[in-house]
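Visitor: Below you will find the structure I want to go over with you.
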Amino acid sequence: MSKEILKMTNIIKTYPMGDEDHVVLKGIDLIVNEGEFLSVLGPSGSGKSTLMNILGCLDTPTSGEYILHNKNISNQNQKELARIRSKEIGFIFQSFHLLPRLSARENVELPLIYAKFSKSERKNIAEEMLVKVGLEDKMNHRPNQLSGGQQQRVAIARALSTNPTILLADEPTGSLDQSTGKQVMNLFTELNQEGHTIIMITHDSTIAKYANRIVNLLDGMLTEGDVADA
Amino acid sequence: MLRETIKMSWQNIVNNKMRSFLTILGIVIGVAAVIALITIIQGVIDELNQQFLDIGTGKVNVQAYGTPLKRGLNNSDIERLAEIENVAGVSPNLSFSSTAVKDENVLEDITVDGKNEVYFRTTKELVSRGRNLNILDMDSKNKVAIVDGELVENLFFGIDPLGETIIVDGTTFIIVGVLKKDLHDDMIAMVSAGDSNGKVIIPYTTAMTMAGLGNITSVDITVKDTNYMSQVIDEIELVLNQAFNFKDDSFFILDLDSLVDAMEKMQSMMTSMLTGIAAISLLVGGIGIMNMMLVSVTERTSEIGLRKALGAEPKSIQSQFLIESIFLSLLGGIIGVILGLTLSYVVSNAIGMPFRLHLGAIALGLNFSAIIGIVFGWAPARKASLLNPIDALRSV
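Residue numbers (the numbering used here), protein chains in the order written: chain A, 1 to 230; chain B, 231 to 626.
Written out as structure tokens, the structure reads:
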């Protein structure tokens, strides 16, 4: 079948809390194939953010093995993790996280700077991505001149710019109203149909349904869910 | 990559104009003060040194007041001084104020200097036109004179003075040479002849007759090799002690080289003192920069987190903040240099001293501020680079 792009085996994450360790992730096993659109559905406190940090190579697990694009992430240093993020991950955050002083185009160029693209390449790619998310007429607008939905589109364009292995979305519609949220989700579906692998983390089951596969995260444990049930 | 980093740093400075300005004020004032002080002090010392150099090093001035029984030096004393090993020549100084007359024009308050041929031999490029005074002029007490530019201006009104006659103190002299302008030819004249309307140099033998003097009270002794200066001075003292029967305070020896040495010592002392002051003021400025950078890191925690999530390595975050702090302090340094130079230019003009640009001081100011940027920017930049991207992203 399709290619396995991400594999987590018995991922455990603990945080020291007072005298004892607090176990947040209690042995996660997860396989994601290329071209999948996966929702990780879970209520707050289930360990969603922690899982997302490990998936996004912002953090390393306490134990277990995480293989992303044939590379073992489990014990890399900060510098290596930064390089892996630059190449493999496209982040989309709930609160967009755009730099307010930069234009839409400059925001999209940001990851390309760290991926060491040349100036002209950056400009071309950024423009191409903004066209793709339907913001060809807003390239030089600053975030505060854009609506929430438009800001999230800029963030999606930014996540796409380095052509990462997976798009990692954390509550992407959390700051948007329903209809704008719908538009953003439709954009995700389109991107998935184009072949992008997407992992979306959310507590909202209606949003989770846009995916073609759902896993439930509850109290640090992962169970396979059903799109129809959610 | 570096260009983007520089651009980002610059934007951050520009976006916080007021804060950036206040932050660099410490550096601006520190650098400006140092540049101004170094330039002014250096200017004064250079000016004095130049005057000494004009007089010529390797010269010893002897003031021989003598005793009530014997005023000044007689010819045999001078001959004995000239015979000392390593002495190139002895030149008597004789100076009085008088009046010069040319046709119907009278010029008061001119300086009349009596000199010998040694003076012309040991003083560089003295006469611009005409000839020097020679030994024949001395021996036969010739009535020949060399005049300076000021006297020519005040008395000749465009006529070529060479070969003309001039009456000084009732004696008629033929002008055989014209002095160069702006010549500090000897220390005594420099101090005493401030308001003179002009100067005439005549053979000292002639001058002595005119002044009715038998002995010379001041001579310049030129030394061949300045390495033997102290031996020569010892010998001079011996000769003078013998001439005046070892009487206290009968003479005074002024040695230009030791004066120049003292000046150099003073200069290096001043410089190290200024360096100390500079270090303190720049330390204070540096602390200001560090404070602002720490605030900036805290403020931009979420930006740092985002950049890291987007693939920025710790190194590139660190260099962004480091470059920002170097920028800030260098900007302060540049403004400080400009301010300091302006200040010293104004002061130099006010106290009537030539303004000299001291590249050393400028380089010092700029280097110092760049180093401050690195030293005091390093810790905040390091702090930023070590921020955990998860914590950083969370703090919105």
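Using N, Cα and C, we set each Cβ at its ideal position, and we do this for glycine too.
So, are the CB atoms of V453 of chain B and V290 of chain B less than 8 Å apart?
Guide: Yes, the Cβ-Cβ distance between V453 of chain B and V290 of chain B is below 8 Å.
Visitor: Establish whether the CB of I620 of chain B and some CB of chain A are separated by less than 8 Å.
Guide: Yes, I620 of chain B lies at the interface with chain A (some Cβ there is under 8 Å from its Cβ).
Visitor: Can you grab the Cα-Cα spacing for the pair I231 of chain A / S205 of chain A, in whole Å?
Guide: Since the displayed chain A opens at 1 and closes at 230, residue 231 of chain A lies outside it and no answer follows.
Visitor: Tell me, please, whether the CB atom of I166 of chain A is closer than 8 Å to any CB atom in chain B?
Guide: Not an interface residue.
Visitor: Could you name the residues of chain A that P544 of chain B contacts, counting a contact when the two beta carbons are closer than 9 Å?
Guide: Simply Q78, K79, A82.
Visitor: What number of angstroms, rounded off, separates the C-alpha of D170 of chain A from the C-alpha of M221 of chain A?
Guide: Spanning the two alpha carbons is a distance of roughly 18 Å.
Visitor: Does any residue of chain B bring its CB to less than 8 Å from the CB of R213 of chain A?
Guide: For R213 of chain A, the answer is no, since every Cβ of chain B falls outside 8 Å of its Cβ.
Visitor: Are the Cβ atoms of T162 of chain A and K87 of chain A separated by less than 8 Å?
Guide: Yes; because the gap between Cβ atoms is below 8 Å, this pair is in contact.
Visitor: With distances taken Cα to Cα, identify the nearest neighbour of V462 of chain B among B:V449, B:L311, B:G256.
Guide: It is B:L311.
Visitor: Starting from Y434 of chain B, trace the alpha helix (DSSP H) in both directions and tell me its first and last residue.
Guide: Y434 of chain B -> alpha helix (DSSP H) spans 434 to 441.
Visitor: For F474 of chain B, which residues from the same chain have a beta carbon less than 7 Å from its beta carbon, with the 5 sequence-adjacent residues on both sides left out?
Guide: Closer than 7 Å at Cβ, skipping near neighbours: G296, T297, K300, S480, F481.
Visitor: With DSSP run on the structure shown, which of helix, strand or coil describes A542 of chain B?
Guide: If DSSP states are grouped into helix, strand and coil, A542 of chain B belongs with coil.
Visitor: Could you tell me which residues DSSP puts in a beta bridge with P16 of chain A?
Guide: Answer is A:D21.
Visitor: What is the residue span of the alpha helix (DSSP H) that I627 of chain B lies within?
Guide: Nothing in the structure corresponds to residue 627 of chain B, since chain B is present only between 231 and 626.
Visitor: At what residues does the beta strand (DSSP E) containing V605 of chain B begin and finish?
Guide: Careful: V605 of chain B lies outside any beta strand (DSSP E), inside the alpha helix (DSSP H) at 589 to 616.
Visitor: Grab me the residues of I418 of chain B's own chain with a C-beta within less than 8 Å of its C-beta, minus the 5 sequence neighbours each way, in chain order.
Guide: Confidence in I418 of chain B is poor, its pLDDT being 47 and thus under 50, which makes the residue's placement unreliable; the coordinate value appears in the next sentence. So the list reads N291, N323, S325, S448, once near-sequence residues are dropped.
Visitor: For chain B, check one thing: does any of its Cβ atoms lie closer than 8 Å to the Cβ of Y15 of chain A?
Guide: Output row for Y15 of chain A: interface = no.
Visitor: Which value, in whole angstroms, describes the spacing of the CA atoms of A115 of chain A and T180 of chain A?
Guide: So the alpha carbons of these two residues sit roughly 31 Å apart.
Visitor: Short of 8 Å Cβ to Cβ, which residues in the region 53 to 74 of chain A face chain B?
Guide: Correct list: N53, G56, L58, D59.
Visitor: With the cut-off set at 8 Å, would you say I199 of chain A and L218 of chain A are in Cβ contact?
Guide: Their beta carbons are not under 8 Å apart, which means I199 of chain A does not touch L218 of chain A by this criterion.
Visitor: List, in chain order, every chain A residue whose beta-carbon is nearer than 9 Å to that of L536 of chain B.
Guide: Those are F91, F93, H97, L98, L99, L110, listed as they occur along chain A.
Visitor: Apply the 10 Å Cβ neighbour rule to E347 of chain B and answer buried if 16 or more other Cβ atoms are within range, or exposed otherwise.
Guide: Buried, by the Cβ-count rule.
Visitor: State the DSSP-derived secondary structure class of K345 of chain B, mapped to helix, strand or coil.
Guide: Reduced to three states, the DSSP call for K345 of chain B is strand.
Visitor: Taking the runs of the beta strand (DSSP E) that are 3 residues or longer, which of them lie wholly in the region 85 to 120 of chain A?
Guide: For the region 85 to 120 of chain A, whole beta strand (DSSP E) runs of length 3 or above, ordered along the chain, are 89 to 92.
Visitor: Report the partner residues of D170 of chain A according to the DSSP bridge assignment.
Guide: Partner(s): A:I201.
Visitor: If you scan the region 239 to 311 of chain B from start to end, which runs of the alpha helix (DSSP H) of 4 or more residues do you find wholly inside it?
Guide: Counting whole runs of 4 or more residues, the region 239 to 311 of chain B contains the alpha helix (DSSP H) stretches 247 to 285.
Visitor: Where does the unbroken alpha helix (DSSP H) through S218 of chain B begin, and where does it stop?
Guide: Outside the shown range of chain B (231 to 626) lies residue 218 of chain B, about which nothing can therefore be said.
Visitor: N246 of chain B CB to nearest chain A CB: under 8 Å?
Guide: By this cut-off, N246 of chain B is not an interface position.
Visitor: On the premise that I519 of chain B lies in contact with I534 of chain B, defined as a C-beta separation below 8 Å, what is that separation, rounded to the nearest angstrom?
Guide: Contact flag wrong, Cβ pair sits at about 19 Å.
Visitor: Is the beta carbon of R153 of chain A less than 8 Å from the beta carbon of G134 of chain A?
Guide: In this structure, G134 of chain A lies closer than 8 Å to R153 of chain A by Cβ.
Visitor: In terms of DSSP beta bridges, what is A375 of chain B paired with?
Guide: B:I405.
Visitor: Please check if any C-beta of chain B sits within less than 8 Å of the C-beta of A115 of chain A.
Guide: Yes, its Cβ sits closer than 8 Å to a Cβ of chain B.
Visitor: Answer with yes or no whether the minimum CB distance from R142 of chain A to chain B is below 8 Å.
Guide: False, the Cβ-Cβ gap to chain B never drops below 8 Å.
Visitor: Sorted by chain position, which residues of the same chain lie with C-beta nearer than 6 Å to L614 of chain B's C-beta, five sequence neighbours on each side aside?
Guide: As written in the sequence, residue 614 of chain B is Ala, which differs from the Leu given in the question. Only V527, I534, I547, F551 meet the Cβ criterion.
Visitor: Taking S488 of chain B as the reference, give the member of B:S460, B:E465, B:D478, B:L504 with the closest Cα.
Guide: For the residues B:S460, B:E465, B:D478, B:L504, the minimum Cα distance to S488 of chain B belongs to B:S460.
Visitor: By alpha-carbon positions, which one of B:I553, B:N242, B:E334 ends up nearest to G607 of chain B?
Guide: Answer by Cα proximity: B:I553.
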